[in-house]
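>
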Amino acid sequence: MASKTNLRKKLLASVMLVSLGFGTTLGNTPSDASAQKTPSYQNPGLDVEVRVADLLSRMTLEEKIGQMVQPERFSVTPEDIQHYGIGSVLSGGGSVPDENTPESWADMVDDFQQGALRTRLGIPIIYGVDAVHGHNNVQGATIFPHNIGLGAANDRDLMKRIGEATAEEVRATGISYTFAPTLAAPQNIRWGRTYEGYSEKPQIVSKLGPAIVEGLQGDPKKRDFLKGNHITSTIKHFVGDGLTEGGKDQGNVTEYTEEELKKHIKPYKDAIKAGARSVMITYSSINGLKTHGDYHMITEVLKGELGFTGFVISDYNGPQQIVPGDFRESIKRSINAGVDLFMIPNDWKRFLSTTKELVENGEVSTNRIDDAVTRILRVKFENGLFEEPFADRDLVAEGVGNADHRDIAREAVRKSQVLLKNNNNILPLDKNSSDLVVVGKKADNIGYQSGGWTISWQGSPQKDLTEGTTILEGIQEVAGTGSEITYSEDGSNISGHDAAIVVVGEEPYAEGQGDREDLHLSQEDIDLLNEVKASGTPMIVLLLSGRPMLVTDEIADWDAFVASWLPGTEGAGIADVLFGDYEFQGKLSYTWPKNMEQVNNHVKNDPLFRLGYGLKTKVGNGNQ
Ligand code: GLC
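Per mature numbering (1 follows the signal peptide of the UniProt record, and there is no 0), the sequence shown runs over residues -27 to -1, 1 to 597.
(1) Which word fits lysine 10, buried or exposed, when buried means at least 16 other C-beta atoms lie within 10 angstroms of its C-beta?
(2) Which of the three DSSP states, helix, strand or coil, is assigned to tyrosine 241?
(3) Please report the Cβ distance between tyrosine 460 and aspartate 417, rounded to the nearest whole angstrom; I am assuming they are in contact, meaning their Cβ atoms lie under 8 Å.
(4) In this structure, does DSSP put glutamate 490 in helix, strand or coil?
(5) Under 7 Å: does the beta carbon of leucine 28 sit that close to some heavy atom of ligand 1?
(6) Looking at the secondary structure, which residues open and close the beta strand (DSSP E) in which isoleucine 99 lies?
(7) Would you decide whether glycine 441 is buried or exposed? Buried here means 16 or more other CB atoms lie within 10 Å of its CB.
(8) Using the C-alpha atoms, what's the distance from glycine 519 back to glycine 413?
(9) Counting only the same chain and skipping the five closest in sequence on each side, list residues whose C-beta sits under 6 Å from that of leucine 199.
(10) If you follow the alpha helix (DSSP H) that histidine 378 is part of, which residue opens it and which one closes it?
(11) Does the distance between the C-beta of tyrosine 150 and the nearest non-hydrogen atom of ligand 1 fall short of 7 Å?
(12) Tell me which same chain residues have a C-beta within less than 6 Å of the C-beta of arginine 306, skipping the five on either side of it?
(13) Could you check what DSSP says for tryptophan 78 in three-state terms: helix, strand or coil?
(14) Does the stretch 547 to 566 come into contact with the stretch 161 to 176, if we say contact requires no fewer than three beta-carbon pairs (one atom in each stretch) closer than 8 Å?
(15) Would you check whether ligand 1 has a heavy atom nearer than 7 Å to the C-beta of leucine 581?
(16) Nearest-angstrom Cα distance between lysine 263 and leucine 502?
(17) When we look at the beta-carbon of serine 338 and count the other beta-carbons within 10 Å, is it buried (16 or more) or exposed?
(18) Quick test of the definition: if touching needs 3 or more C-beta pairs under 8 Å, does the stretch 508 to 516 touch the stretch 364 to 379?
(19) CB-CB under 8 Å to glycine 31, same chain, minus the five flanking residues each way: which ones, in chain order?
(20) Can you find at least 3 beta carbon pairs, one from the stretch 392 to 406 and one from the stretch 534 to 544, that sit closer than 8 Å?
(21) Nearest to histidine 575 by alpha carbon, out of Gly546, Gln160, Ile428 and Ile271?
(22) When you compare the CB positions of threonine 510 and phenylalanine 557, do they come within less than 8 Å of one another, or not?
(23) So does the stretch 174 to 184 actually touch the stretch 142 to 150, counting three or more Cβ pairs closer than 8 Å?
(24) For leucine 181, tell me which candidate among Asp130, Asp84, Val285 and Ala382 has the shortest Cα-Cα distance.
(25) Among all the DSSP beta bridges, which residues are the ones paired with asparagine 225?
(26) Quick one: give me the first and last residue of the beta strand (DSSP E) that tyrosine 460 is part of.
(27) Would you call the stretch 65 to 73 and the stretch 330 to 346 touching, i.e. three or more CB-CB distances under 8 Å?
(28) Three or more C-beta pairs under 8 Å: does that hold for the stretch 237 to 244 against the stretch 272 to 279?
(29) Across which residues does DSSP place tyrosine 150 in a beta bridge pair?
(30) If you draw a straight line from the C-alpha of alanine 6 to the C-alpha of histidine 56, how long is it?
(31) Does the stretch 373 to 391 come into contact with the stretch 214 to 222, if we say contact requires no fewer than three beta-carbon pairs (one atom in each stretch) closer than 8 Å?
(32) List the residues that DSSP assigns as beta-bridge partners of tryptophan 565.
(33) Expressed to the nearest angstrom, what Euclidean distance is found between the alpha-carbon atoms of glutamate 456 and leucine 400?
(34) If you follow the alpha helix (DSSP H) that isoleucine 96 is in, where does it begin and where does it stop?
(35) For glycine 585, is the classification buried or exposed, using 16 other Cβ atoms within 10 angstroms of its Cβ as the cut-off for buried?
(36) Could you have a look at aspartate 408 and say whether DSSP puts it in helix, strand or coil?
See below:
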């Protein structure tokens, strides 16, 4: 008896064969003889460029424009995709199917795909998702440390393995395209997206970004490039998203000359060399010109000087910001600036009709449309979508969050921890005879340790947000039987222990919702720290944050201080270094300021801790 999965596979395959002209095609059946001969674009043995040219030559203007829009999953149906010839669909942050399981993700994407394959030419969709620290929308997926922690780890090989593991988990849900990695080098940590940047130093971004692109996509010279377990990456947000005045999200870049901007373009150049096939444009503007409408940056620099041959995608309703309130003018300027694929979650029908009218009026050239569609089709062929449009159900069955991936994530957590203070070598703790009290609600909460872009767009401080190990659970797991670990969520009953491990930090946030005028610890955290201080128990403070925070007034009371960043689901990686099973090796990839004046005035020469700072313990056993 064929399993449900095999039956589904057989059904999908027959839909595919029928739609590709092998038998009666649903919808408009081409009447001419060409329907009988296999068209070149359907021949995987031919060069991609030949297939692209053949397919483009067969397409109507409407079919071309359909390839240039990417609606949100909740605002489009498989029938819409068939009727309008839609070329791509996305899940924005937290936009998940009713049942958040790999199977239902794969079923959802395959249903959209069936609609695409029933179109006249059977052009498959490419489905995109923000897998920015693992496949973070999916329940049970491995959640890796956010990029600020990976910048502190600064390990190319680790980045590659994280990319490979993430790609496998994305494929396990039937998806072949992610909007990652971010290549920003944030210069003002007031920005809510600081944690999505590896470092303030573009050179570190240039080292790590290409590595994760290789992990996600595979080797451009190999047959499995973008295929099999590999997926298409997106380098973002081009360019200058982290350079805005005051760190304002989607703000204006005014303090950088074109020459200085080149330093921030370099990571894109390096990632393109590593094979990146999609670039997302930044919401921000340069000297008042929204980059979504910047012909010089997109066409002359990105496509010209950098020689980028993949496709350029807008950000979520990004083009409409060019001329607020004037949809037509905004779309016109953005297409003519060089954007190829438009992430228009809801107003996608308006995009189709507006773009058709712009072309018919001669305000957008057919050459520009052909360039956009050529780039989109090129990546779809490279991504193997014409040959494998549906989910690989064997991969789906393997599911997400497997032990090997969690081991990689735990290694990343270990390597990302930065030891900033260690008085009297209180660390590493003796794992076999310590009487420790772990303090604070953030010590036992997957939501706090994962931050934004986790299950939902903004993340949420839920203890069991998704499957993982909290910092407290990790300490309990790693500590030896001779140790005594107690937990105090509110800071009570602290006295009489060898040491208190106090976990403080930020509430989860994403994008502009994380923009801050002030970066001091919350009063709640300060009160907790004062409780512990009053007990006289030695304090080891762990900070869960998406950026350096102002601890100048408090740190004197602490015996040890570790920047833990946003470690994700594998909290045990922190215990690994606290107990000395592994040595601390993280180094700050951002300058740690003393006060807000230093943040606001970009003062780097007199910080609390300089970029590159990070201690080792004197007695760590040297495991890396
Ligand atoms: C968001 C972000 C971008 C993300 C996109 C899709 O607004 O700016 O990084 O990839 O929309 O969720």
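For every residue, glycine included, the Cβ atom is placed at its ideal position computed from N, Cα and C.
Fair warning: this is a prediction, and the values are worked out from it, not measured in the lab.
Looking at the atomic coordinates:
(1) That one is exposed.
(2) Helix, per DSSP.
(3) With 8 Å as the limit, tyrosine 460 and aspartate 417 qualify as a contact, their Cβ atoms being about 7 Å apart.
(4) Here glutamate 490 sits in coil by DSSP.
(5) Result no, Cβ not under 7 Å from ligand 1.
(6) Taken as a continuous stretch (DSSP letters only), the beta strand (DSSP E) holding isoleucine 99 covers 99 to 102.
(7) By the Cβ-count criterion, glycine 441 is buried, with 16 or more other Cβ atoms from all chains shown falling within 10 Å of its own Cβ.
(8) Near 18 Å, if we compare the C-alpha coordinates of glycine 519 and glycine 413.
(9) These residues qualify, in order along the chain: Gln190, Thr205, Glu355 and Asn356.
(10) According to the DSSP assignment, histidine 378 belongs to the alpha helix (DSSP H) that extends over 376 to 389.
(11) No.
(12) Gly266 and Ile295, listed in sequence order.
(13) DSSP places tryptophan 78 in the helix class (H, G or I) of the three-state scheme.
(14) With a cut-off of 8 Å on Cβ pairs, the stretch 547 to 566 is in contact with the stretch 161 to 176, counting three or more such pairs.
(15) Not so, every heavy atom of ligand 1 lies at least 7 Å from the Cβ.
(16) About 44 Å.
(17) Exposed: under 16 other Cβ atoms inside 10 Å.
(18) Output reads no: the stretch 364 to 379 does not touch the stretch 508 to 516.
(19) A quick correction: the sequence has arginine, not glycine, at residue 31. Taken in chain order, the residues that qualify are Pro12, Tyr14 and Leu94.
(20) Taking a cut-off of 8 Å for Cβ pairs, the stretch 392 to 406 and the stretch 534 to 544 touch, as three or more such pairs fall below it.
(21) The shortest C-alpha separation from histidine 575 is found at Gln160.
(22) In this structure, threonine 510 sits away from phenylalanine 557, with a CB-CB distance that is not shorter than 8 Å.
(23) These segments do not touch.
(24) Minimum Cα distance to leucine 181 is reached at Asp130.
(25) Beta-bridge pairing links asparagine 225 to Ser258.
(26) Here the beta strand (DSSP E) through tyrosine 460 covers 457 to 461.
(27) A contact between stretches requires three or more CB pairs, one per stretch, nearer than 8 Å, and the stretch 65 to 73 fails this requirement with the stretch 330 to 346.
(28) Segments in contact, yes.
(29) Answer by DSSP bridge pairing, in chain order: Gly101 and Thr205.
(30) Residue placement at alanine 6 is flagged as unreliable, the pLDDT there being 47, under the threshold of 50; a coordinate-derived value is accordingly withheld.
(31) Because the criterion of three Cβ pairs below 8 Å is not met, the stretch 373 to 391 and the stretch 214 to 222 do not touch.
(32) DSSP output for tryptophan 565 lists Phe582 as bridge partner(s).
(33) A quick correction: the sequence has serine, not glutamate, at residue 456. The alpha-carbon atoms of serine 456 and leucine 400 are separated by roughly 15 Å.
(34) Where isoleucine 96 is concerned, there is no enclosing alpha helix (DSSP H), because DSSP gives it neither an H nor an E.
(35) The Cβ neighbour count for glycine 585, taken over all protein chains shown within 10 Å, is under 16; the residue is labelled exposed.
(36) Of the three classes helix, strand and coil, the one that applies to aspartate 408 here is strand, per DSSP.
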